[in-house]
Structure formats: C-alpha cells, structure tokens
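Engineer: Here our numbering is used: the first residue of the sequence shown is 1031, the next is one more, and so on.
In this text, a Cβ means the ideal position worked out from N, Cα and C, and glycines have one as well.
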Amino acid sequence: MIPLLTTLIGVVVGILLQRYLVHLWPMIAIVVLCVGLLLMRRIRLLVLSVAILIGCGASWLSAPMQFLSPIAKDTHLCGVVAEAELSNDHQVAKIRIDSVCVGENYEPTNSFVIRARMPFFTPDLAPGDVVKFVGTYSLPIQETDLPLQDDMQGVYYAQGVSMLCYVPRDSLQVVGHSENPIYTIMGWRDDVVDVIFRSGLDEATASFMAAILTGDDSSVGQRDNYAIAGVAHLLALSGAHLAIIASILGFLFLPLAMAGWYRCRWIAVLVGVWLFVVMTGMSASVMRSAIMASAVIIAILMRRPRSSLNFLCLAAILILLFSPLSLYRVGFQLSFVATLSIILMANQLNPVSQRRRTLWRIMGVVMVTISATIGTMPLSAWHFHRLPWLFLPANIVAVAVLPIMICGGSLLTILTAMGVGASWLAEALNVLFGWFSWIVDAIATISIGNGLVWDEIYFSPWLLVPMYLAVALLFAWVIRRRAFYTVASTLTIALTVAAYFLTTPLLPANELFITRNLHNTFIVFRSGPNVTVVSNDRSINEAADSVQFVEINGAYLAAANVETIDFRLGELGANTGVIDFGGLTMKMANSPSAFHQHTDYCIANKAFKGDVVELAAMCNADTILLTADMNKRRRERYVRELSAEGVPHINLRDATFHRIPN
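1. Using the rule of at least 16 other Cβ atoms within 10 Å of the residue's Cβ for burial, across every protein chain shown, is glycine 1040 buried or exposed?
2. In this structure, how does DSSP classify phenylalanine 1163 when only helix, strand and coil are distinguished?
3. Please specify which runs of the alpha helix (DSSP H), each continuous and at least 4 residues long, are wholly inside the region 1044 to 1092, giving them in chain order.
4. Quick check on serine 982: buried or exposed, where buried means 16 or more other Cβ atoms within 10 Å of its Cβ?
5. Which residues share a DSSP beta bridge with serine 1557?
6. Can you give the Cα-Cα distance for valine 1188 and leucine 1364, rounded to whole angstroms?
7. Tell me the DSSP secondary structure of histidine 1688 in three-state form.
8. Which same chain residues end up closer than 6 Å to aspartate 1630 when comparing Cβ atoms and leaving out the 5 residues on each side of it in sequence?
9. Please report how far the alpha carbon of alanine 1323 lies from the alpha carbon of methionine 1095, in whole angstroms.
10. Give the straight-line distance between the Cα atoms of lysine 1636 and phenylalanine 1611, rounded to the nearest whole angstrom.
11. Nearest-angstrom Cα distance between alanine 1590 and serine 1565?
12. Of the residues Leu1202, Ile1426, Pro1408, Val1130, which one's Cα is nearest the Cα of alanine 1368?
13. Less than 8 Å between C-beta atoms, sequence neighbours within five positions excluded: which residues of the same chain meet that for methionine 1393?
14. Based on Cα-Cα distance, which residue from Trp1419, Val1130, Ala1320, Ala1646 lies nearest to histidine 1626?
15. Name the one or two DSSP bridge partners that glutamine 1096 has.
16. Could you say which of Asn1140, Gly1184, Ile1349, Glu1113 lies nearest to valine 1161 if we only look at CA atoms?
17. Alpha carbon to alpha carbon, how far is leucine 1351 from serine 1089?
18. Is arginine 1145 helix, strand or coil by DSSP?
19. Opposite cysteine 1632 in the DSSP bridges: which residues?
20. Identify every run of the beta strand (DSSP E) within the region 1469 to 1514, keeping only runs that are complete inside it and at least 3 residues long; order them along the chain.
21. How many Å lie between tyrosine 1136 and serine 1410 at the Cα?
22. Under the three-state reduction of DSSP, which class applies to lysine 1103: helix, strand or coil?
23. Spell out the partners DSSP gives valine 1130 in its beta bridges.
24. DSSP three-state call for arginine 1679: helix, strand or coil?
25. In chain order, what residues of the same chain lie with their CB nearer than 7 Å to the CB of glycine 1044, ignoring the 5 residues before and after it?
26. Which same chain residues end up closer than 6 Å to valine 1130 when comparing Cβ atoms and leaving out the 5 residues on each side of it in sequence?
27. Looking at the unbroken alpha helix (DSSP H) that takes in cysteine 1437, where does it start and where does it end?
28. So what does glycine 1207 bridge to, in DSSP terms?
29. Under the three-state reduction of DSSP, which class applies to proline 1177: helix, strand or coil?
30. Does the structure place the region 1431 to 1443 close enough to the region 1206 to 1217 that three or more beta carbon pairs sit under 8 Å?
31. Around the C-beta of glutamine 1048, are 16 or more other C-beta atoms found within 10 angstroms, so that it is buried, or is it exposed?
32. Just the C-alpha distance for valine 1299 and methionine 1309, rounded to the nearest angstrom, thanks.
33. Work out the CA separation of threonine 1562 and phenylalanine 1638 for me, nearest whole Å.
34. How would you write the range of the alpha helix (DSSP H) that threonine 1406 sits in, first residue to last?
35. Tell me the residue span of the alpha helix (DSSP H) that contains phenylalanine 1238.
36. At which residues does the beta strand (DSSP E) containing aspartate 1220 begin and terminate?
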C-alpha cells in the first residue's frame, strides 16, 4: 500500500548527495548502475536509482548560486520581493535579483536571491514588489567564532539565499509590481487581513484571526505564552486549518451537489483550496495538506483505493521535486513527521474500542494531539530548544476552539467585505478568544511557576537518531507489550540522556572572543553570566549586528547561563585606547597615545591604513591582530609584510580568536 516509498527514499537520498557530495563521479556511478539494473531487470532497485538521479538534478537546479566574493559595496541591484516580514525594529525581505546597475543602466544578470535587512518600515514591502536598492553585501559563510554557534550558512542555503545585504535608510525604492499571477493572489492576503482588522474584532482577537485565516502572524502578541502552553503551532497554518477551510468550501458548494453536479462540487473545492494555499504563501505544511486532500478527492472521483501513507509520500515527492531545499526547513520536517506519527500511532494508542464510536472519536482527537506531539518532540527540542510538558490541556481546548474561530472568522470576514454589519458575531468571537487566551496564559503561568517547561535545550543533530529509535521502541512496546521492547527502549533512553549530558560543553568562567565580522571589529567579553560586546564604531549595521549576534549565538548564551548582554557600540578604545580584561590587555593601532604601555595584542582594524611593520616596531605589543573588517587586499599585504619580518601576527579572517583570561 506504499508503492511511492521507494521513490521518496531515492529523491531524499539524491537531494542529500547533491548537498554534501557535490562531486560528479557519484552521479556517473549511479547512471552506470541504472543501466546495469535495467539490463538485469531489477525494477525496484532501478526505480530507487532513477529517483536518486532525479533528486540530485532537482536539488542542483534549485541550489542557490555560490559567489566567491560579495558584490562590491554600494552596487545598485534590481529585483522582485519574494518574501517579506516585519520585526520590532526592522524588516527583512528575500529579493530575487534579476538585474544589476552598470554605469547608469540596469543590465540583466543570472537570477539569485539576496536576504536584505532594512532598519525602516517605509516602504512596507510585499511579495511581488519590484525594488531597486543599494547596500553593504556579504556572503553567508559559516564562521564559528563562539562555541555552539548556529550554522547560518546551512540556514541561508535552505532558504535559497546566495548573499546578504544591509540596506540603509533611503536606499531602497519600490518601482513597480510583478505581473506574475502568483504574486497577485498572494497580495489578496493583505486585503483579507485589512478586512479582518476593520470587522469590529478587538486588536488581539483580530491578530489571532489573521494568523489562523491567512498565516499573517506578524501582529500576534504573547508568543512565548503560546509556546510554553504548547499551542504555538496554531499560529502557523497546517493541515488542521486547511481541513476546516476545505469543509467550509464543501458546505458553500453543496448546492452544486444538490443540483447533480457532484464532480463540479469537488473540483470547485480543489480550486478554492489551492487558491488558499497560494494566498497564504505556500508553506510546506499547507502544501502537504493540499496535495493529500487533492489525492483523496481524485481517488474518490476515480473510485480508486486510498492509502494515507502513500498520499503522504506523494505529497513529499511533489514538494521536494519543485522545492528540494524544503527538506532542510523546519516547517517541512515537522509537518511530515507529525502527519506520519498521527497515521501510525493515533488509532493504535486509542484505548477505547471502536464499538463505542462516540467515545472512540473523542479519544481519537486526544490521541491525535499526543501522537503528533510525541513524534515531533525531538525535532521541536532541536529546532526551538524548548519542551512544554502541559501541552495536552491547551491543545484539547484548541481543538474545540479552532473550528469555531475559523468558521466564525470566515463568516465575519465575508460579511464585512460585503458591507454587512455583524457586531454580534464579532463580540461572540471576542469573548471566545478571551476565554481561550485566558486558559493559555493560565497554563503558561503554571508551567513557568512549577518548572514544567524545559528550556535551553541544545544538542547535536546526531542525537535525533537514538531519540527517534527510543520513540519507535516505546511505540512498539505499547502495541506489543513484550519485555524485549521494554528493555530496549529503556536502554536507548538512558544512552540518549547520557549522550546529551556528555556532549554538553563545559565553559570557563571568563572568555574573550574577537568575531570575524566583516563590517566592524566585534570583541566579546564574558565574565560569568554577563556578556559585553564592544565595537569600534557606530556604523549603519548597529541594529543588524546586535540582533544577529543574539540570533546565531543562542546556544552559547544558554549554555553559559548568560543573564545580561551589554552592547557598547562605538566604545572600543574610546578612552585610553587600551582594553584590559582579566589580565589580557589589548590596544588599538589608531591610539598612539597608548603605545608606551606594553600589551599582549595590538589590533589593526579597518581604520588603520599605515605601515604595519612600523606599527609593530612602535606599539610595544607581543602580537599584531589583523581584523576581518579590514580591506581584503590591504590585510593580505600586511600578512605578507609581517611574515617577511618575522613579526607574530594573527589574521582574524582565517582564524578564530579565543582566549581564557586569568
């Protein structure tokens, strides 16, 4: 009943091979293998091999363009906004570049994606906007400067991003809108959100309604409470949301079936479902649900047998063929793992006999929640570093509230768009959401007060293997009740817990780092639970650098139990030009007044443009540090000159700087 499983395995293997084995010879070997299998008529192995080749090809076509060096600063680019999101103090957009300014004209270039960070909200970008902009460009290179630092290169690769850009104020303009109909449909979401916010709902209720109806969660507050209560998934569109929307569409098109146009009704539902998918941004979870729903409807119309696992494989294959990079994204992983867990475990874990149909269905809803949570728990812990233990009460309430909120919100939105007042419905939804929000806040408060949330979970992705092995063995024990599974699951859990604690790094009490930041010189001091980040100047990247530091170093900050982070941008060597931290001393190359004092290191950054050999003779320091923000050619020349004179130096573009002060 799962004939597509072999094809799915092959496609996944092919995508991984293209990502991590980029050489040509494995592909040639697989082609030769395919020919041999065809001659031997080994059909199943042939299907697997062909699927591997297809996965490799699809991944190769979708892989982001790789640049050896970033585009020169202040180069003007033109492209189409593919995605846009707002934060507290900036907006981020993925822009597909199609032309670059040469002289006074824009000339076409090979298409690639830039992730642009902008410290402004005007213009408010939307998918499909054609923009021209200029900024400071950098490559998404993995540079582990601090322990446990996130692999940002892998994150940007999964997003299809080739280059990063910081766009200063007044450096971007919207010059038009794409004629692609997909962007037109995606633009409907903003129109629907506007209708929701003027429908008479309270601001908090409208924000929640916009999230569950359109996927726009930018204005939702108290996100931490949703995460702690275990219902953060409500804010991301998933199969549950789409199933309710499909049911609403089925009811709206019921007159077609009553008129005898049975097939037309299902076709209309499919069209409506896919318009909803495109409008909400085509996330992996919604795409998966739409493909599975389409397969079910087509099977019903064609009177063909149906298999949930086979439809799940079909959905995965189609998504990965058109978007292979989805394999590395958290939404794709959680959606498919949750659905697989529900298919395999929900009915098996239901303690009620199917003869008691009403109670069996009620318990089935509970088992669906438990199955999805158990299946996604290891992945959620790895991606989000948090596990809530009181997830069941809030999710049971959510199961009851979500259909009412979606149906009522859809009706209210339609009536408001038609100009029909429905204040009674808006007030009812306000009361219902207030009740639900109170329960979520209460569960979050209880969880925090009683330590029922496991925060700051960081571990190697390799530990996911024994974690899921333990889940499988526990599931087998529940079904089979054999001593072997009891012993095997217990040992696997014990080994996994031991491996988690053994792989947790032991950090010293005090540390000093100099990061390989390409814009400024960033020095990170940690003294116990307090971190100070000092920079050489206040550049246009101040906001971007501080936010990015917290984003990519979350694991390190948690492992070190950091309580406070003090950003002192513009204060590096501001007074004496000498930094003293736990017995380690540093001086800035552009602070000659401090040269009489002996120090461990002399820092030459982008502000220094003099004779580096002369600097080494004058500065009275043991070692010269050449920072990453210095001009590349100048830094390489300094390296050659210092090496020729035998002066101790460190090129901080190629080497990390980590010292443990006394």
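Structural biologist: Working from what's here:
1. So glycine 1040 counts as buried.
2. In the structure shown, phenylalanine 1163 sits in a strand (DSSP, three-state: E or B).
3. Within the region 1044 to 1092, the complete alpha helix (DSSP H) segments of 4 residues or longer fall at 1055 to 1070, 1073 to 1092, listed in chain order.
4. Any property of residue 982 remains undetermined from this structure, which presents the chain solely from 1031 to 1692.
5. Per DSSP, the beta-bridge partners of serine 1557 are Asn1540, Asn1560.
6. According to the sequence provided, residue 1188 is alanine. The question's valine does not apply to it. Leucine 1364 has its alpha-carbon roughly 15 Å from the corresponding atom of alanine 1188.
7. Correct three-state label for histidine 1688: strand.
8. Only residues of its own chain outside the window of five on either side were considered, and among them Leu1614, Thr1615, Asp1652 have a CB closer than 6 Å to the CB of aspartate 1630, listed in chain order.
9. Going by the C-alpha atoms only, they are around 34 Å apart.
10. If I take the Cα positions, the gap works out to 23 Å.
11. Cα to Cα, the separation comes out at about 22 Å.
12. Of Leu1202, Ile1426, Pro1408, Val1130, the residue nearest in Cα terms is Pro1408.
13. Around methionine 1393: Asn1380, Pro1381, Val1382.
14. Here the closest residue by C-alpha is Ala1646.
15. In the DSSP output, where bridge partners are listed per residue, glutamine 1096 has none listed.
16. Minimum Cα-Cα distance from valine 1161 among the listed residues Asn1140, Gly1184, Ile1349, Glu1113 corresponds to Glu1113.
17. Leucine 1351 and serine 1089: Cα-Cα distance of roughly 8 Å.
18. In the structure shown, arginine 1145 sits in a strand (DSSP, three-state: E or B).
19. Bridge pairing for cysteine 1632: Lys1617, Ile1654 [DSSP].
20. Counting only unbroken stretches of 3 or more residues, the beta strand (DSSP E) elements lying wholly within the region 1469 to 1514 are 1483 to 1485, in sequence order.
21. The alpha-carbon atoms of tyrosine 1136 and serine 1410 are separated by roughly 44 Å.
22. When secondary structure is reduced to three states using DSSP, lysine 1103 falls in the coil class, being assigned neither helix nor strand.
23. Answer is Leu1107, Glu1137, bridged to valine 1130.
24. Rather than arginine, the amino acid found at residue 1679 in this sequence is histidine. Histidine 1679: strand per DSSP, three-state reduction.
25. Ala1081, Ile1082, Leu1083, Ile1084, Gly1085, Cys1086, Ser1089, listed in sequence order.
26. In its chain, beyond the 5 residues on either side, Leu1107, Thr1139 have a beta carbon closer than 6 Å to the beta carbon of valine 1130.
27. Bounds of the alpha helix (DSSP H) holding cysteine 1437 are 1421 to 1447.
28. The sequence as given places histidine at residue 1207; glycine does not occur at that position. Under DSSP, histidine 1207 forms a beta bridge with Asp1159.
29. In this structure, proline 1177 counts as coil in the three-state DSSP scheme.
30. Result no; under three Cβ-Cβ pairs closer than 8 Å.
31. Glutamine 1048 comes out buried.
32. Here the C-alpha atom of valine 1299 lies approximately 15 Å from the C-alpha atom of methionine 1309.
33. Cα atoms of phenylalanine 1638 and threonine 1562: separation of roughly 24 Å, rounded to the nearest angstrom.
34. For threonine 1406, the enclosing alpha helix (DSSP H) begins and ends at 1387 to 1414.
35. Taken as a continuous stretch (DSSP letters only), the alpha helix (DSSP H) holding phenylalanine 1238 covers 1233 to 1244.
36. Run containing aspartate 1220: none in the beta strand (DSSP E); it sits in the alpha helix (DSSP H), 1218 to 1227.
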